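Take a look at the structure below.
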Ligand code: OXD
Ligand code: MN
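Numbering (the working numbering), first residue to last: 550 to 1152.
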């Protein structure tokens, strides 16, 4: 029985049934009973079934499940991701493009009958608190129970989403089939003008949890441009100060630069004693909209965390680890067969001897890791409910969102970029965002360790022309005027001559947030430099880490090397000219002007 009378939904579902030809159709109401049935079903599959999920130790990890994906299906696939806007210019130079009708014609035969002998699940979900005016509804159709169970964690899934939708046509139509998981026929396709996403031949989270990158960033960024708001690849955190006031900060870093760690930061002891607390609103995506008072408000459209497991431990991110202790799904980590729990590189120094590595072979984990092999895939993941997070913000479900005081950009840069600096204004901050670049990691397929431009950390996620996206940023700044958040840039990854990191990072990043908040409160001065406002040397609090961050190290962290910056400018000019403008991106004149001003200030 269908869960809604919405004629638009029913018509679309009928079309998709006619196309995919499932044996059975199940509407996901979000009830506990239904989800328990699905868990039973998916864990009862034969061990060699690629869709199989496993119960983990239900005493140590209650409600937790395990899944491994095909070895060629372990990350997002940017080369097979398309923005099919009506025109090529609509998608712009940062996206693969194909004419929408051509793409539909190519994919339709692949979906034709793809669910024969299988069940189609219809998943209604809300991105953001159901009651929030900023939230939006999506419906995902899938043939994968793994997707249903992940969507339950990552979104507000179930009938309430249809109730929110009413008879409106404003929902995103998401179609997923794992098909035969053939990487040559894998497609992750957004049709922004149709509010439609089609994903086929993958069963890996980033390609199939269509609420996340596909909707909440690619489709939503396009919607935001048209409707006057922003969908950004940003964490949202709140810092409660000793005086009780909480300041909210958004931060955009490219994939695997520690967004989840910063979002769940535990302040150093001195800060805790003084009464500071950090609250997580979101770890990956922010939807930002001007509120009634003219300030910029953010909601986290998601309801859980899809985090990278390796490197997560009680020290690096206690809160993330705690979030995974119940009702979580682990994908492509290793199993400790002694007690049916999970393990990954960086969890601790004791790889289990009696292990199953992520591909499914039983190995001696100690010998295996000593031989340089990885027990868990470097992009193995946990899907964990936000409610599990010990520091989840009391405002997490606030339909109005939280008012943002600062926006922070950052990336992995061994040199050039100082620990922190502040832009002169929103337009300069937009330039800084456009200049974000980082060394690549394992979150997407491709080479690791190469420097790539990743404007606003959104390169793989802007659902339209990057030039128009920058223009939209500038437009939003004009709308917000003097109520706009202040914009900063950070770099936790500066290295010394030997390639060692010189900033301790993790919880100590609180010291930088502290400076940022003081700048927002206008309670600390700064040095005006060519690149922006920099902290005065003694204004980054190093109490408790004086041995590690000596005055000499602080000099290095805050150094602005004119020669390196001149190279940076030359590279930015090349990037704007060759990678963007020459390839159909309309770089706003205001950004070129920022580049020229920066050049002049450097002398
Ligand atoms: C992610 C990513 O999975 O950014 O969040 O790659
Ligand atoms: Mn991300």
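Every residue, glycine too, gets a C-beta built ideally from N, C-alpha and C.
Nothing here was measured: the structure is a model prediction, and the numbers come from that model.
Distance CB(residue 795)-CB(residue 828) smaller than 9 Å: yes
Please check the pair residue 1097 and residue 1053, which I expect to be a contact at CB under 8 Å, by giving their CB distance rounded to whole angstroms. 6 Å
Taking a contact to mean a Cβ-Cβ separation below 9 Å, would you say residue 698 touches residue 723 in this structure? no
Answer yes or no: do residue 945 and residue 935 have a C-beta to C-beta separation smaller than 9 Å? yes
Where the alpha helix (DSSP H) through residue 894 begins and ends: Residue 894 -> no alpha helix (DSSP H), and no H or E assigned at all.
Leaving aside the five residues before and after residue 791 along the sequence, list all residues of the same chain whose C-beta is less than 7 Å from its C-beta, in chain order. 823, 824 and 825
When DSSP labels each residue in this structure, what does residue 874 get in the three-state scheme? coil
Can you tell me which of the three DSSP states residue 1093 falls into? coil
For the structure I just gave you, are there three or more beta carbon pairs, one from the region 602-610 and one from the region 883-891, closer than 8 Å? yes
Proximity below 9 Å, CB of residue 1018 to CB of residue 612: no
Count the other C-beta atoms from every protein chain shown that fall within 10 angstroms of the C-beta of residue 1063, then say buried if there are 16 or more, exposed otherwise. buried
Run through DSSP, which three-state label would residue 1024 get? helix
So, for residue 746: in the same chain, excluding its five sequence neighbours on each side, which residues have a beta-carbon less than 6 Å away from its beta-carbon? 723, 739, 759 and 763
In the DSSP assignment, find the unbroken alpha helix (DSSP H) run with residue 698 in it and report its ends. 694-703
Go ahead and pull the three-state DSSP assignment for residue 782. coil
Taking the alpha helix (DSSP H) that residue 915 falls in, what are its first and last residues? 914-919
Nearest to residue 814 by CA position, among 1123, 563, 868 and 1110, is which residue? 868
Residue 763, DSSP secondary structure in three states: helix
Residue 667 to residue 848, Cα distance in whole Å? 36 Å
Assuming residue 881 and residue 901 form a contact by the criterion Cβ under 8 Å, report the distance between their Cβ atoms to the nearest whole angstrom. Their Cβ separation, rounded to whole angstroms, is 16 Å, which puts residue 881 and residue 901 out of contact at 8 Å.
Given 8 Å as the limit, tell me if residue 748 has its C-beta closer than that to any heavy atom belonging to ligand 2. no
At the level of alpha carbons, what is the spacing between residue 1107 and residue 1065? 14 Å
Helix, strand or coil: which one does DSSP assign to residue 1119? helix
Starting from residue 971, trace the beta strand (DSSP E) both ways and give me its first and last residue. 969-971
Got a list of residues with beta-carbon closer than 6 Å to any non-hydrogen atom of ligand 2, in chain order? 782, 804 and 833
Entirely within the region 625-688 and at least 3 residues each: give me those beta strand (DSSP E) ranges in chain order. 630-632 and 668-676
Whole-angstrom distance between residue 670 and residue 655, CA atom to CA atom: 23 Å
Heavy atom of ligand 4 within 8 Å of residue 1015 beta-carbon: Of the ligands one can find in the structure shown, namely ligand 1 and ligand 2, none is ligand 4.
Residue 1124 to residue 803 span [Cα, whole Å]: 17 Å
Applying the criterion that 16 or more other CB atoms from any shown protein chain within 10 Å of the CB defines a buried residue, is residue 550 buried or exposed? exposed
Through-space distance from residue 1035 to residue 769, alpha-carbon basis: 23 Å
Check residue 552 in the structure and name its three-state DSSP category. coil
Whole angstroms are fine: how far does the CA of residue 948 sit from the CA of residue 682? 7 Å
So, at 7 Å on beta carbons, what are the nonlocal neighbours of residue 1150 in its own chain, with the 5 sequence-adjacent residues on each side left out? 1079
Contact the region 833-849 vs the region 953-961: 3+ CB pairs below 8 Å: yes
For my contact list, residue 979 and residue 1022 are in at a C-beta cut-off of 8 Å; report their separation, rounded to the angstrom. 5 Å
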